[in-house]
Amino acid sequence: MESPSNKPNGERVIGHNGKARHSWFDEFKTSLRVGFFLTLRDLRRANIWTTILIIFVMFITFLNLVVIGGILVGLIEGSVVAINTRYSGDLIVSPLRSKTYIENSQDLVKFARGMPWVSDLTTRYIQGAKIEANYKDKLRETDITDSAGSLVAGIDPVAEDRVTGISKKLIEGEYLNVDDFDKILIGADLLFKYTPIDTPSFRTLERVGAGTKVRLIVNGTTREVIIKGVLKSKVGEVDQRIFMVDTQLRQLIGRSDYNVDEIAMRLKPGTDPLFVKKILTEAGFAKVAKLQTSEEAQPKFLNDIKLTFALLGNVIGTIGLAVASITIFIVIFVNAITRRKFIGIMKGIGITATAIQFSYILQAMFYGILGIGLGSAFVFGFLQPFIAAHPINFPFSDGILVATLGGTLWRVGLLLGATIIAGYIPARIVVRQNTLDAILGR
Amino acid sequence: MITVQNLIKSYQSGAGELVVLKNIGFNVRRGEFLAITGRSGSGKSTLLYQLGLLDYPNSGKIIIDGLETSALSAQERTAMRLLELGYIFQDYALLPSLSALENVMIPLLMQGMSPKDAKIKAVRALERVGLGDKLVNLPSQLSGGQQQRVSIARAIGHDPKIIFADEPTANLDSETSKVVLDAFLDLHRQGQTIVMVTHEPEYAAVADRVITLSDGVIHTVEERRAN
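As they're listed, the protein sequences go chains A and B.
In case it helps, my numbering puts the first sequence at residues 1 to 442.
In case it helps, my numbering puts the second sequence at residues 1001 to 1227.
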């Protein structure tokens, strides 16, 4: 039997039957194993409802971290996606600042159609316009006519619908046919019943809907047209415009060339818009038109709001994280305090403080991992696909849930880290107390 | 096996300093069954806590198997308690969430033993105290005497050099107390060194030697049997 001894070099050996304490790493492994052993037994024999409640708190915290921020960002992301799908396509071409139209448009259109990465495109003629309604109800000639200023877009209804699918965004009436002569579509933002705003700088038309006759005044030419349908796409460029068949608009404004004002391109899935933009630039089209990816064409305020909302989401998430940490802290602290005597006994029979602390950390991790696992399954298995299929109907966008893998992993790490710390601190506080005092309950 | 020299232990109390152990000195021989007895407040439990490295004396030396323990760090004391010493507490001190078997296994696992080996050793220890059929029972499913025997099994599971028992029969009826004492005597016959605190003279009488404390000093030392 080996005896404990004070070695001449000052190193003490406390061993038994030839078995001395091992290296730091062995001690660590043993402590971890004993901690795991204790955790497993504690959890197995814990009150099931308490366990469920704590896991539920972690689950809610995870949702708070991922979903609140994700929806706030998704609210704007919904707008970004809408601009792409309902207006700009993946790539949008518009006139240079110094021009009123895209020069040599047909060359560009021909070139783009020949590119293997472009799946479809649509061209638009854009002109400033004024629309008047209820003019027959005027009592006196001097009465102000109910009118609104807008842009009128001349489109090929078939090509436009293939690229932007706006026919699905009709809330009243029907979509345009290629041979519609005196029919227009009108954006919901121009109608008082959908956008109840009436200020001197922004006028909307009252008592107007599908089937109403209105006057369209373009370039000084007036034509009485019937509103065939009302569009509401939650994209300003669509909802504040008037649409008519391109040949009719050309006729109305007396345009003889084929230079258009907008070209929206839809690219094949997986194509990088920047790559296609680069090809078009190298082909010299950047000299005659402004080439922008959908992202570049987004209004700056959208990005600003996105960043602001992301920040807001993080603030709310941080509060949730703090609440979860405090919850775990309290649970572990109460657990450790009520088991103070047993912690003392464990220390008394030689269980190391590290092993006892591990048992509480692992317990906290168990709650955290299970809450995160359930939260992830709920978010990625149900909530995100569900919201993608049924976007949240915000007034100015169809909100989606943005939860990227990287962002989620970061939050998972954060929550797990906070959980570990919240489990460790109370365990350490209790474990550091005097062993005998703990055993005797002093 | 144990040498105690000039041991003093005092506590700060409201009225001032309360000296519980006053310059105590004695030896415990290897394989000896030593009983420490005395009235309530005589300092016997306090003495056991010092010997078992659960507490720090104010001054004096405790040398266990040649090692002067006052120089040990907290970690070294924990390691020594784990590897060399065994404890039996008055209130059994079992972990309520662990079964009888798991309570005995815990210190063995902490020693670095594999779960399989720890289980074999723990089962053997429980069988030694007659609880081979209560392995999976939680402490709450055992009687007081059975819990105390689990506590003994936990103390002897790792073959400690010394067993310290603090009033092991205090919470037991006389019949169960006899079973527990028989377990001690059985261990003693196998060469185990035992230091037991008890306030009951008839239980102290089974030991080789009885030290009676009174007011923090050794009042009498009574040799019962030759070791």
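Yeah, the Cβ is synthetic: ideal placement off N, Cα and C, and Gly gets one too.
It should be emphasised that the depicted structure is a prediction, and the values quoted were computed from it without experimental measurement.
Please return the same chain residues whose Cβ sits closer than 6 Å to the Cβ of A/F243, not counting the five positions on each side in sequence. A153, I155 and L185
For the segment 25-53 of chain A, which residues have a CB atom closer than 7 Å to at least one CB atom of chain B, in sequence order? Listed by position along the chain: D26, T30, R33, V34, F37, R41, D42 and R45.
Do you know how far the Cα of B/F1026 is from the Cα of B/L1054? 19 Å
8 Å Cβ cutoff, B/I1152 in contact with chain A: no
C-alpha gap between A/A46 and A/I55, whole angstroms: 13 Å
Could you spell out where the beta strand (DSSP E) holding A/I171 opens and where it closes? L170 to G173
Mind listing, in chain order, the continuous beta strand (DSSP E) runs of no fewer than 3 residues lying wholly within the segment 1069-1114 of chain B? Every beta strand (DSSP E) of 3 residues or more that sits fully in the segment 1069-1114 of chain B is shown, in chain order, as 1085-1088.
Three-state secondary structure assigned by DSSP to B/Q1012: Of the three classes helix, strand and coil, the one that applies to B/Q1012 here is strand, per DSSP.
Please name the residue or residues paired with A/L216 in a DSSP beta bridge. DSSP lists A/I131 and A/R223 as the bridge partner or partners of A/L216.
So does the segment 294-302 of chain A actually touch the segment 374-388 of chain A, counting three or more Cβ pairs closer than 8 Å? no
Whole-angstrom distance between A/T281 and A/A289, CA atom to CA atom: 10 Å
Return the CA-CA distance between B/V1129 and B/D1215, expressed in angstroms with no decimal places. 35 Å
For A/H390, the three-state DSSP class (helix, strand or coil): coil
Quick test of your reading: A/I372 and A/F62, contact by CB under 8 Å. State the CB separation rounded to the nearest angstrom. 5 Å
Which first and last residues belong to the beta strand (DSSP E) in which A/P146 is found? The amino acid at residue 146 of chain A is misidentified as Pro; the sequence shows Asp. Run containing A/D146: D146 to I155, per the beta strand (DSSP E) assignment.
How is A/D42 classed by DSSP in three states: helix, strand or coil? helix
Measuring only between beta-carbons, confirm whether A/F333 sits less than 8 Å from chain B. no
Quick one: give me the first and last residue of the alpha helix (DSSP H) that B/T1046 is part of. K1044 to L1051
Looking at chain B, is there any beta carbon in it that lies within less than 8 Å of the beta carbon of A/G441? Interface annotation, A/G441: not in contact with chain B, CB-CB separation never under 8 Å.
Is it buried or exposed, A/P299, if we count other Cβ atoms within 10 angstroms and call 16 or more buried? exposed
In angstroms, rounded to a whole number, what distance separates the CA positions of A/T30 and B/R1149? 27 Å
Measuring only between beta-carbons, confirm whether A/K300 sits less than 8 Å from chain B. no
Sub-8 Å separation of A/I166 and A/L231 beta-carbons: yes
Should B/S1010 be flagged as near chain A, meaning a C-beta pair shorter than 8 Å? Not one chain A Cβ lies under 8 Å of B/S1010.
Does any residue of chain B bring its CB to less than 8 Å from the CB of A/L274? no
Where B/T989 and B/T1046 are concerned, what is the direct C-alpha to C-alpha distance, given to the nearest angstrom? For residue 989 of chain B there is no data in the structure shown, the boundaries of chain B being 1001 and 1227.
Near-chain B residues of the segment 342-357 of chain A - C-beta to any C-beta below 9 Å: F342, G344, I345, M346, K347, G348, I349, G350, I351, T352, A353 and A355
Between the segment 1038-1062 of chain B and chain A, which residues of the former have a C-beta closer than 7 Å to a C-beta of the latter? Y1049, L1054 and D1055
If I follow the unbroken beta strand (DSSP E) through B/P1283, where does it start and stop? Absent from the model: residue 1283 of chain B. The displayed extent of chain B is 1001 to 1227, so no value can be given.
Taking Cβ to Cβ, would you say B/G1086 is nearer than 8 Å to B/A1015? The Cβ-Cβ distance between B/G1086 and B/A1015 does not fall below 8 Å.
Less than 8 Å between CB atoms is the rule here; does A/T338 satisfy it with respect to chain B? No, no contact with chain B.
Anyone know if the C-beta pair for A/L401 and A/G74 falls short of 8 Å? Cβ atoms of A/L401 and A/G74: closer than 8 Å.
Restricting to runs no shorter than 3 residues, where is the beta strand (DSSP E) found entirely within the segment 284-310 of chain A? 289-293
Would you say B/N1227 lies against chain A (beta-carbon separation less than 8 Å)? Residue placement at B/N1227 is flagged as unreliable, the pLDDT there being 47, under the threshold of 50; the coordinate-derived value follows with that caveat. False, the Cβ-Cβ gap to chain A never drops below 8 Å.
Which value, in whole angstroms, describes the spacing of the CA atoms of A/L321 and B/Q1012? 44 Å
If we cut at 8 Å on Cβ distances, does B/E1102 have a partner in chain A? yes
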